[in-house]
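Asks: Chain order of the listed sequences is Z and H.
What the first sequence shows, in the numbering used here, is residues 72 to 401, in sequence order.
What the second sequence shows, in the numbering used here, is residues -5 to 645, in sequence order.
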Amino acid sequence: MRIGRRVRLLAGVLTLGLAAAGCGGAKVETGAGPGQPSTGATGSSAPATGGTVRIAVNPWAGYEASAAVLSYLLENELGYKVEKKELAEQVSWEGFESGDVDLIVENWGHDDLKKTFIEEKKVAAEAGSTGNKGVIGWYIPKWMADKYPDITDYKNLNKYAGLFKTSESGGKGQLLFGDPSYVSNEEAIIKNLKLDYKVVVGGSEAALIESATQAQKQRKPLLFYFWDPHWLFSRIDLVRVNLPPHTDGCDADPKKVACDYAELDLDKIVSRKFAETGGRAYELVKNFSWTNEAQNAVADDMTNNGLSPEDAAKKWVEANPAVWTSWIPK
Amino acid sequence: MTSPPAALSPAQTVPPTPRARTPLPSWLAPLGGAAVAVAAYLLFRGTALLPHDDDAAQFAAVNDARDWVDANRNESPLFLFFVNYVRLSVGALHDVLRLVLHGAGWAGLIGAAGTLGWLAGGLRIALLAVLGTGSFAVLGLWEAAADTLALVLTAVLLSLLVGLPLGVWAGRSVRLRRLLTPVLDVMQIMPTFAYLAPMVLFFQIGPASATVATMIYSIPPAIRITALAIEQVSPTAVEASTALGATRRQTLCKVHIPMARATIALAINQTVMMALSMVVIAALIAAPGLGSDIVRGLSRANVGLMLPAGIAIVVMAVVLDRITMAAAARGPVPSGALSSRSRLAVAALLLLATGLVARSLPAEFPQEWVLRLAGPVNEAVNWAKFSWYGVTDAIRNATTEALLNPLQTVLTTAPWWLVAAAVLALAWRTGGARPAVTAVGCLLATALLGLWQHTMETLTTVLAGVVPTLAAGLVLGVAAARSPRFAAAQRPLLDAAQTMPAFVYLLPALALFGATRFTAIFASVVYAVPPVVRLVEDGIRNVSPAAVEAARSSGSTGRQLLWKVQLPMARPAILLAANQGIVMTLAMVVVGGLVGAGGLGYDVVSGFSQRTDFGMGFAAGVATVLLGIVLDRITQGADRRPSPRKKKRIA
């Protein structure tokens, strides 16, 4: 075969193509704003209707609830088109750079990512609080707290370690953890508080939910990493184990953490381009702020009452006009 | 899916390895070896361990490489003139296909699938295609299905565009084949999760990188099977053609390609199947389609949400498989009364008619026709998980305590040199010196990567998963070979188990067995049993009818026939099945990381979801490949053929 000639031909065609492209090299887009169709956007989005907003949907129900309500308002009140992208938490940030993501609705801290993407790469910007308070902690089903009243104090955890022993925990008590992308100090806390426990990784939110549901139903002991806001609190009574209270800077060195998690003010992160050219859509995103109860209600409808995200959002929007009308830009 | 892989043609099976003659009884050496190993373990356990360090220097080095790419994405010529163009053009092709499929509407899609089915295989296939495509709409998923189809088509088109010429070339050049084989091996054993993060690094998130990731996974069969097809073209025909004065090019176009046509069609079929099995994972890097429904269902612990999407993927696999297989089965001259030209004319008319009908139908599929499965499915799952929990919990605990924990303790507390020596001895015995050295080299390389401990943990789950996989595969395979009726009843189940995305059955398994290694093993058994069954069934079927007839006429019973004739004669096929079962169990290990399997799988998942763990995740992917090679070399005495083998999903 005369491979040689073909390769040369191919190279020629490629060179021509590159020359035709003119700019002499393709750069990664630094965030396509709404109104500009980018890769992945379908069809023409006429600027008159506001264009497309690309929302990252991270894999937990509360996030999805916030995203659903924002999408509903963007589409029905402002006439934007919304593209939702199912993405893991940290992968979403990469989307700011390529223009695949305009908005992360619910960010849990992540000062390292903020530093990289907001300060260094300058492709993202903060867009204010969601109003939601994020509380990470160690939880047990309520029946355990009733049965062993002093179990909620971390100092007594070692006394009960035998209860939490499983076939996975190697003779120690088991602390069930979730998805590797979560904010986590578990290993350090256990080590520094000298707890006789081992972190067993569930791997996903589903693993935590299924375990908690079974623990409640079968009255099996369970100690697990969880967080509020979450719809699970409206289904199962959970009690938080009190770790040494959080003080400023007690978690500065990840290896020396021996305190509880700080209460996080969850916030919104947008691509820089969206912040600059997002118009009314960006205004709405910035104004969006609600409570943990509101988010849990929508998440519960989506997860347990068989409503689609759109229907759950619609239900909340119709019942709470007083809350969201103030978000709509004048 | 339904057809045995090309690797199985009888011409290629290898006779059983002749045993070396020794004066001592043959069981003495292995027994003695095992005794020495046990004694060494008891003496030295807990020494020469290689503890795991999340911040190992090796991982940091990979992180640095990541940071370099991150910083140079808009400066380095590699990106400006190559990577970014690949991304743009792949993305553009995908967008075009997606627009076309969506533009056709649900009715247009059904009509087009029917026409294609008719062209490929006549009325029966057409009906199947229509019903299959129609089911997407009935499940309320036709838009997601169109997205998935667009992604699959883009990946397959590009895979064939690159893979077929490469395959033809490799089929005619032994040197190229030798060069390609290890590369293709790595492409297939590398856990798909492990290259998602690098994909995002190079091509960003979105359909473009999802397509490239899918291509990496689906291109090896395109190249391998094409090469095999060209290689197998009868040398007499080639000689005759050259003798008649044909140029190389003429020989290629008039002899090689037409004669290899059926096998090349099989290559296309396999490429399609592999691409389809990748789309769910591609959803994790923002590829639209059925995969995102499944990922969403997983994050909400909602089986009802995932199952319809899972069913749609299975149906899509069946339809695509039957269409491509029908096209492959047809001879070079189309059969039937119609000439090829008039067939095309009829097809065009059919398409036109569908187009007209589609325009008169509503663009949106009528909501009242959509079947809502989520409610009843969730109720059934809830009932099962709460009422079976006692039993499943007991099974899980018993297995974990009696098997998994002791095995893991042994593997993680044995000195590294002892494990290496055991692997060396085992591989030497089954395969000989060269495989043994490769196996030990790869095993020790996992220690250099800083992942010895986690590799041993993973090895535990793989070993524990392989035993039930092989047992079930052997029993079901033998049953299928002996009873055509059983085989026919079992086939659709095997198809479903193999094409149903693992995420879908992960969730019920999670509910029943909790977040444990056991759950991961359960999932890997479901995933790895079908190819084992198929290989065993095929092996026993292919036992020479003369031998079977001879045994029958000399009065052996069915049981004697099986034990004395069929099983021994099918030994190579059964060993190949074992080899495949092991490699596939390993392939499932990473997904097991999502449900508590720990080990390398969890590292890979972490690497994908935490920026700081990028290096560890990538290293863990490499370690998985290395472990795959170790296990393959140990079991490869079964079949020493050079090329197309180690198909993770024989499909």
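Beta carbons are placed, not taken as given, at the ideal position from N, Cα and C, and that holds for glycine.
Look at the Cβ atom of MET145 (chain H), then the Cβ atom of ALA281 (chain H), and state whether they are nearer than 7 Å.
Replies: Correcting the residue identity first, residue 145 (chain H) is Leu in this sequence and not Met. Yes, Cβ-Cβ distance for LEU145 (chain H) and ALA281 (chain H) is below 7 Å.
Asks: With DSSP as the reference, identify every bridge partner of GLU154 (chain Z), one or two as the case may be.
Replies: Z:ARG125.
Asks: Does the Cβ of GLU389 (chain Z) have 16 or more other Cβ atoms within 10 Å, making it buried, or fewer, making it exposed?
Replies: Its Cβ having fewer than 16 others within 10 Å, GLU389 (chain Z) is exposed.
Asks: Would you call LEU338 (chain H) buried or exposed, if buried means 16 or more other Cβ atoms sit within 10 Å of its Cβ?
Replies: Exposed, since its Cβ has fewer than 16 Cβ neighbours within 10 Å.
Asks: By the three-class DSSP mapping on this structure, what secondary structure does GLU233 (chain H) have?
Replies: In this structure, GLU233 (chain H) counts as helix in the three-state DSSP scheme.
Asks: Check each residue of the region 169 to 180 of chain H: if its Cβ is closer than 7 Å to any Cβ of chain Z, include it; give the result in chain order.
Replies: Against chain Z - using a Cβ distance shorter than 7 Å - the region 169 to 180 of chain H contributes no residues.
Asks: Is the region 255 to 267 of chain Z in contact with the region 225 to 236 of chain Z, if contact means three or more CB pairs nearer than 8 Å?
Replies: Touching, per the Cβ criterion.
Asks: Could you name the residues of chain B that THR374 (chain Z) contacts, counting a contact when the two beta carbons are closer than 9 Å?
Replies: Absence of chain B from the displayed structure is noted, the protein chains being Z and H.
Asks: Can the beta-carbon of HIS46 (chain H) be found less than 7 Å from the beta-carbon of GLN447 (chain H)?
Replies: Contact: yes.
Asks: Helix, strand or coil: which one does DSSP assign to LYS327 (chain Z)?
Replies: It is coil, neither helix nor strand.
Asks: Going straight from the alpha carbon of PRO212 (chain Z) to that of LYS288 (chain Z), what length do you get?
Replies: Roughly 10 Å separates the two Cα atoms.
Asks: Are any of the Cβ atoms in chain Z nearer than 7 Å to that of THR380 (chain H)?
Replies: Before going on, a small fix: residue 380 (chain H) reads as Phe here, not Thr. Yes, because at least one Cβ of chain Z sits closer than 7 Å to the Cβ of PHE380 (chain H).
Asks: Starting from ILE389 (chain H), trace the alpha helix (DSSP H) in both directions and tell me its first and last residue.
Replies: That run of the alpha helix (DSSP H) goes 383 to 393.
Asks: Please report the straight-line C-alpha distance between GLY595 (chain H) and VAL156 (chain H), rounded to a whole angstrom.
Replies: For GLY595 (chain H) and VAL156 (chain H), the distance between alpha carbons rounds to 31 Å.
Asks: Nearest CA to the CA of TYR521 (chain H): which residue from H:SER271, H:MET193, H:ALA188, H:ALA120?
Replies: Considering only alpha carbons, the answer is H:SER271.
Asks: Taking 7 Å as the CB-CB limit, is GLU239 (chain Z) close to chain H?
Replies: Answer yes: the Cβ-Cβ gap between GLU239 (chain Z) and chain H drops below 7 Å somewhere.
Asks: When you compare the CB positions of VAL289 (chain H) and GLU157 (chain Z), do they come within less than 7 Å of one another, or not?
Replies: Yes. Within cutoff.
Asks: Kindly indicate the opening and closing residues of the beta strand (DSSP E) around ALA198 (chain Z).
Replies: Here the beta strand (DSSP E) through ALA198 (chain Z) covers 195 to 212.
Asks: Less than 7 Å between the beta carbons of VAL598 (chain H) and ALA188 (chain H), yes or no?
Replies: The answer is yes: Cβ separation under 7 Å.
Asks: What residues in the region 271 to 297 of chain Z bring their beta carbon closer than 9 Å to a beta carbon of chain H?
Replies: Correct list: VAL271, VAL272, GLY273, GLY274, SER275, GLU276, ALA277, ALA278, LEU279, ILE280, GLU281, SER282, THR284, GLN285, LYS288, GLN289, LYS291.
Asks: Residues of chain Z with CB closer than 7 Å to the CB of ALA505 (chain H), please, in chain order.
Replies: Simply GLU281.
Asks: Could you have a look at ASN372 (chain H) and say whether DSSP puts it in helix, strand or coil?
Replies: Helix at ASN372 (chain H).
Asks: Are any of the Cβ atoms in chain Z nearer than 7 Å to that of ARG39 (chain H)?
Replies: For ARG39 (chain H), the answer is no, since every Cβ of chain Z falls outside 7 Å of its Cβ.
Asks: Check the DSSP bridge columns for ILE340 (chain Z) and list the partner residues they point to.
Replies: According to DSSP, which records beta bridges pairwise, ILE340 (chain Z) is partnered with Z:ILE175, Z:GLU197.
Asks: Can you confirm whether the region 35 to 49 of chain H touches the region 403 to 411 of chain H when touching is taken to mean that 3 or more C-beta pairs between the two stretches lie within less than 8 Å?
Replies: Output reads yes: the region 35 to 49 of chain H touches the region 403 to 411 of chain H.
Asks: For the region 294 to 323 of chain H, which residues have a CB atom closer than 9 Å to at least one CB atom of chain Z, in sequence order?
Replies: Hits within the stretch, in order: ARG294, ALA295, ASN296, GLY298.
Asks: Name the chain H residues whose beta carbon is nearer than 7 Å to that of ASP250 (chain Z)?
Replies: Neighbours of ASP250 (chain Z) on chain H, chain order: SER603.
Asks: Near ILE175 (chain Z), what residues of its chain come up, given a Cβ to Cβ distance below 6 Å and the 5 sequence neighbours on each side ignored?
Replies: Taken in chain order, the residues that qualify are ALA127, SER163, ILE340.
Asks: Is it buried or exposed, GLU135 (chain Z), if we count other Cβ atoms within 10 angstroms and call 16 or more buried?
Replies: It counts as buried.
Asks: By the criterion of Cβ-Cβ separation under 7 Å, what are the contact partners of ARG60 (chain H) in chain Z?
Replies: Result: empty, since nearest Cβ-Cβ is about 11 Å, beyond 7 Å.
Asks: State yes or no: is the beta carbon of LEU82 (chain H) nearer than 7 Å to at least one beta carbon in chain Z?
Replies: Yes - at least one Cβ of chain Z is within 7 Å of the one on LEU82 (chain H).
Asks: Using a Cβ cut-off of 7 Å, pull out every chain H residue sitting near ASP171 (chain Z), in sequence order please.
Replies: Result: GLN198, ILE199, GLY200, ALA280.
Asks: Does any CB atom of chain H fall closer than 7 Å to the CB of ALA138 (chain Z)?
Replies: No, its Cβ sits nowhere closer than 7 Å to a Cβ of chain H.
Asks: At the level of alpha carbons, what is the spacing between LEU260 (chain H) and GLU154 (chain Z)?
Replies: Approximately 37 Å between the Cα atoms of the pair.
Asks: Quick one: what's got a C-beta closer than 7 Å to GLN161 (chain Z)'s C-beta in the same chain, skipping five residues either side?
Replies: Cβ neighbours of GLN161 (chain Z) beyond the five flanking positions: LEU184, SER252.
Asks: Where ILE142 (chain Z) and GLU381 (chain Z) are concerned, what is the direct C-alpha to C-alpha distance, given to the nearest angstrom?
Replies: In the sequence as presented, Ile is not what sits at residue 142 (chain Z); that position holds Ser. Each residue's Cα considered, the two are about 8 Å apart.
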